[in-house]
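Numbering (this note's numbering), first residue to last: 33 to 85. C-beta: ideal position from N, C-alpha, C; glycine also. Reviewing the structure listed below.
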């Protein structure tokens, strides 16, 4: 499938993380907490994928 992937700005990544927390609830929060405890919170990056029609 053809498409385009892009790395959004930092504030967009924060927005996407908020959406994940809202959709997946406790499971997302635990996963993100694990990343923060390992010191990887600043390396979390969102990826936006758009499929071509």
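Problem set entry | Where the alpha helix (DSSP H) through residue 81 begins and ends | Per DSSP, residue 81 belongs to no alpha helix (DSSP H); it is in the beta strand (DSSP E), 80-83.
Exercise. The alpha helix (DSSP H) with residue 35 in it runs from where to where?
Worked result: Annotation: residue 35 is outside any alpha helix (DSSP H); the continuous beta strand (DSSP E) that includes it extends over 35-38.
Exercise. Under the three-state reduction of DSSP, which class applies to residue 76: helix, strand or coil?
Worked result: The three-state secondary structure of residue 76, taken from DSSP, is coil.
Exercise. Would a C-beta distance cut-off of 8 Å place residue 48 and residue 78 closer than the cut-off?
Worked result: Taking the C-beta atoms as reference points, residue 78 is found nearer than 8 Å to residue 48.
Problem set entry | Short Cβ contact (8 Å threshold) for residue 35 with residue 84 | Cβ atoms of residue 35 and residue 84: closer than 8 Å.
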